[in-house]
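So the sequences go chain by chain: S and G. In terms of the working numbering, the first sequence is residues 1 to 333. In terms of the working numbering, the second sequence is residues 1 to 333. Glycine residues also receive a C-beta, built at the ideal position from the N, C-alpha and C atoms. The structure presented is a predicted model; accordingly, all values stated were derived computationally and were not measured. Presented below is the structure to which this report refers.
There are 2 protein chains.
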Amino acid sequence: MLLALDAMGGDRAPQEPCRGAVRACESLPDLEVALVGDGKRLEPLLAEVSSNVRSRLHVVHTEEYITMEDSPSVSMRRKRNSSLRLALDMVRGKEAAGCVSAGNTGAIVAGGVLVLGRIAGIDRPGLGVPILSLSRTSLLIDVGATVRCKPVNLVQFALMGSIYMRCLAGVPEPSVALLSNGEEDIKGDDVISEAREILKASSLNFVGYVEGKDVPVGKTDVVVCDGYTGNVLLKFGEGLGEGVFGLMKEEIRRSFLPKIGLAFMWPMLRQLHTRFDYEKQGGTPLLGVEGTVIKAHGRSKARAIDNALRVARQFVLQRGVETIREEVAKGGM
Amino acid sequence: MLLALDAMGGDRAPQEPCRGAVRACESLPDLEVALVGDGKRLEPLLAEVSSNVRSRLHVVHTEEYITMEDSPSVSMRRKRNSSLRLALDMVRGKEAAGCVSAGNTGAIVAGGVLVLGRIAGIDRPGLGVPILSLSRTSLLIDVGATVRCKPVNLVQFALMGSIYMRCLAGVPEPSVALLSNGEEDIKGDDVISEAREILKASSLNFVGYVEGKDVPVGKTDVVVCDGYTGNVLLKFGEGLGEGVFGLMKEEIRRSFLPKIGLAFMWPMLRQLHTRFDYEKQGGTPLLGVEGTVIKAHGRSKARAIDNALRVARQFVLQRGVETIREEVAKGGM
Chain S
1 MLLALDAMGG DRAPQEPCRG AVRACESLPD LEVALVGDGK RLEPLLAEVS
51 SNVRSRLHVV HTEEYITMED SPSVSMRRKR NSSLRLALDM VRGKEAAGCV
101 SAGNTGAIVA GGVLVLGRIA GIDRPGLGVP ILSLSRTSLL IDVGATVRCK
151 PVNLVQFALM GSIYMRCLAG VPEPSVALLS NGEEDIKGDD VISEAREILK
201 ASSLNFVGYV EGKDVPVGKT DVVVCDGYTG NVLLKFGEGL GEGVFGLMKE
251 EIRRSFLPKI GLAFMWPMLR QLHTRFDYEK QGGTPLLGVE GTVIKAHGRS
301 KARAIDNALR VARQFVLQRG VETIREEVAK GGM
Chain G
1 MLLALDAMGG DRAPQEPCRG AVRACESLPD LEVALVGDGK RLEPLLAEVS
51 SNVRSRLHVV HTEEYITMED SPSVSMRRKR NSSLRLALDM VRGKEAAGCV
101 SAGNTGAIVA GGVLVLGRIA GIDRPGLGVP ILSLSRTSLL IDVGATVRCK
151 PVNLVQFALM GSIYMRCLAG VPEPSVALLS NGEEDIKGDD VISEAREILK
201 ASSLNFVGYV EGKDVPVGKT DVVVCDGYTG NVLLKFGEGL GEGVFGLMKE
251 EIRRSFLPKI GLAFMWPMLR QLHTRFDYEK QGGTPLLGVE GTVIKAHGRS
301 KARAIDNALR VARQFVLQRG VETIREEVAK GGM
């Protein structure tokens with residue numbers, strides 16, 4: 001399977017995307033990666049890669065790329081030779097089975113829609129992130145494909161999230177909730193309450209509102225919100241993790257007792273940290289476009305890119321796009 | 001100083017409010033608390049309190065109270081003898097220096113505006129919560145007085161937050177940021193970007209956008225968002241804390257090594273937990289109304305009510321309301 005990787009996307013490009021692609025190819029013998037980006041910068045990074053892996057890494061040269069400051073839709077239209085655009089073009093032209101980028105989220109979403117098109121019945125795609133908790137893995141959707149949205153967009157996120165969890169994550173009758181500022185029906189704004197009424201009348205297993213506190217404990221299989229809220233929430237969780245670990249380090253530096261404790265607890269703490277390290281773990285599928293597009297965290301290092309490539313490969317193998325298209329077409333609501 | 005306490009507000013009323021009032025009076029000899037609520041239920045809870053404290057607890061009997069399901073504005077107008085309404089009336093009538101409630105947030109806000117009135121120059125009050133981090137204490141405002149708001153409301157939250165941090169928390173030239181889904185100016189929705197332009201032109205120390213991850217690490221002194229976002233964020237943090245501690249307990253139960261480590265680390269972990277246990281720590285002042293109104297967490301136990309009474313007392317001693325009124329009147333923008 002050939003996947004296209006936007007080698008210029010993300011804060012640590014092109015080094016980390018290259019290293020991530022090498023890692024993925026090392027462990028997945030069926031994988032080939034097209035590294036789309038500036039050949040002059042990419043080739044030296046691949047100089048010492050073993051021939052077995054190197055033969056499966058294809059540099060697709062372009063000097064243009066999209067920065068984090070670029071306006072998403074404008075750059076996607078104007079920068080026709082940008083690394084992201086070319087990676088998406090490869091998916092459209094069936095040269096690549098899917099693509100991965102750690103770059104500008106807005107551009108990835110705009111590009112996904114512009115180049116690949118939307119799945120019939122979906123007005124706006126959504127980014128869904130799996131949240132691991134004690135009891136289950138929940139899908140939080142949308143975490144940044146939109147900023148604000150209409151009730152119909154929230155409803156479509158609910159539908160796609162439900163399809164994803166049922167068909168791709170194997171959860172029978174996934175429970176779906178809207179994220180709100182309280183459990184009672186009087187909570188939420190007009191958009192959220194209108195979506196609630198549509199979802200109540202649908203055939204989805206809609207359970208009403210959940211609150212912020214219910215997200216990390218995994219109260220439902222799917223949690224729906226607009227992209228502003230999902231983004232802020234996810235990054236808050238990230239910052240909180242960093243904050244807690246920073247405080248821990250500080251405490252451990254200051255006193256002796258926790259140092260002893262730490263030696264015994266380190267493996268467990270590491271595991272916890274990984275568990276709450278949402279985005280860095282891998283990639284987020286852009287649900288609702290006609291192709292496999294995986295958004296990796298902007299700060300992705302090699303491990304995260306490696307994981308994002310695995311997520312893309314899995315999504316392709318599971319026929320993710322086709323499944324969503326078929327299920328949306330069935331109505332499902 | 002006499003403070004009015006809505007003894008029927010919150011999930012654990014009237015037991016925990018009563019116990020909290022007792023605790024506060026035990027340690028603060030100048031404090032008197034008017035316990036507003038059903039005398040038949042309150043009196044037995046006070047039966048064994050020492051006479052020194054009991055003499056400073058005054059039961060103000062009423063059988064009516066506002067539930068979590070009640071519509072805020074309707075219940076505030078109709079339930080004129082509700083415990084919350086009477087507590088606010090006592091503040092208005094200067095019988096009480098301030099009031100505390102762990103009840104229905106919407107009703108507390110609506111009641112604050114209806115009974116006490118808004119400070120001139122403030123269209124809608126905001127709830128500000130201190131967020132403790134490694135480097136500083138930031139004020140997150142609003143965490144639930146509003147759901148959505150207009151740019152002018154966000155600007156007024158920024159102003160009140162800045163006044164609060166400068167005059168009441170002793171931070172010179174507090175830095176103020178808007179919470180957004182990215183740092184670049186192209187991020188945010190129309191409301192947030194309009195507020196950004198107004199704040200840029202103001203005399204506040206406005207530093208632009210911060211992201212979710214910047215909140216727990218304390219990047220700025222004041223973080224401004226609408227009440228939906230602040231509520232979801234705060235509760236997400238709460239749930240995450242519970243989730244992490246739940247996972248830790250599970251790991252510790254399952255294996256032996258972490259048990260040993262835990263013995264050494266427990267004091268530190270406790271401290272961390274308390275640090276991120278935002279709302280339960282105490283109360284949140286409703287900024288922008290003509291009186292001291294402190295909202296305590298709905299799940300408040302005695303300790304939290306005790307702390308909320310302390311926050312109210314401190315706010316009164318610091319002339320919180322007068323300070324905000326005077327500073328807003330000066331323009332300050």
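- Contact annotation for Glu242 of chain S against chain G: Lys213, Pro216 and Val217 [CB-CB distance below 8 Å, chain order].
- Taking a 10 Å sphere around the C-beta of Lys213 of chain G, we find 16 or more other C-beta atoms and assign the residue as buried.
- As a beta-bridge residue in DSSP terms, Glu32 of chain S pairs with S:Leu2.
- The beta strand (DSSP E) runs of length 3 or more contained entirely in the region 15-61 of chain S are, from start to end of the chain, 32-37 and 57-61.
- Here Ile305 of chain G is buried. Its C-beta has 16 or more other C-beta atoms within 10 Å.
- Residues of chain G whose Cβ lies closer than 7 Å to the Cβ of Val232 of chain S are, in chain order, Leu179, Asn181, Gly212, Thr229 and Leu233.
- Every unbroken stretch of the alpha helix (DSSP H) spanning 4 or more residues and falling wholly within the region 142-181 of chain G is given here in chain order: 151-163.
- Of the candidates S:Gly128, S:Gly121 and S:Val91, S:Val91 places its Cα closest to the Cα of Gly111 of chain S.
- Apart from the 5 residues on each side of it in sequence, Phe315 of chain G sits with its Cβ closer than 8 Å to the Cβ of Gly98, Leu168, Pro285, Thr292, Ile294 and Val321 in its chain, given in chain order.
- Going by C-alpha positions, Leu3 of chain G is about 36 Å away from Ser203 of chain G.
- The beta carbon of Ala145 of chain G sits closer than 6 Å to those of Val109, Pro125, Gly126, Leu127 and Gly227, all from its chain and outside the five residues before and after it, given in chain order.
- Residue burial annotation: Pro17 of chain S is buried, with at least 16 other C-beta atoms found within 10 angstroms of its C-beta.
- Of all residues in the region 47-62 of chain G, none is placed with a Cβ closer than 8 Å to any Cβ belonging to chain S.
- Neighbours of Arg148 of chain G across chain S, judged by C-beta separation under 7 Å: Asp189.
- In this structure, Val328 of chain S places its C-beta atom within 8 Å of the C-beta atom of Leu159 of chain S.
- DSSP, reduced to helix, strand and coil, places Glu242 of chain G within a helical segment of the structure shown.
- A straight-line Cα-Cα distance of about 29 Å links Ile66 of chain S and Leu154 of chain S.
- Between the C-alpha atoms of Arg254 of chain S and Met248 of chain S there is a straight-line separation of about 10 Å.
- Here Gly106 of chain S is buried. Its C-beta has 16 or more other C-beta atoms within 10 Å.
- In the DSSP annotation of this structure, the continuous segment of the beta strand (DSSP E) that includes Ser101 of chain S starts and ends at Gly98 to Ser101.
- Chain order gives the chain G residues near Phe236 of chain S as Gly212, Lys213, Val215, Pro216, Leu233, Phe236 and Gly237, where near means a beta carbon separation below 8 Å.
- Listed along the chain, the chain G residues whose CB falls inside 8 Å of the CB of Gly144 of chain S are Asn181.
- The Cβ atoms of Ala24 of chain S and Val60 of chain S do not sit closer than 8 Å to each other.
- Interface residue (Cβ-Cβ distance to chain S less than 8 Å): Glu194 of chain G is not classified as such.
- Using a CB distance cut-off of 8 Å, Met68 of chain S counts as an interface residue toward chain G.
- Below the 9 Å Cβ cutoff, chain G contributes no neighbours of Glu197 of chain S, its closest Cβ being approximately 17 Å away.
- Residue-level contact by beta carbon holds for Ile186 of chain S and chain G, with a gap shorter than 8 Å.
- The DSSP-derived three-state label of Pro216 of chain S is helix.
- DSSP lists S:Val100 and S:Pro285 as the bridge partner or partners of Ile294 of chain S.
- Shown here, Leu140 of chain G sits in a strand according to DSSP, grouped into three states.
- According to DSSP, Ser82 of chain G shares a beta bridge with G:Glu64.
- Contact annotation: the region 69-76 of chain G does not touch the region 38-55 of chain G, with fewer than three C-beta pairs closer than 8 Å.
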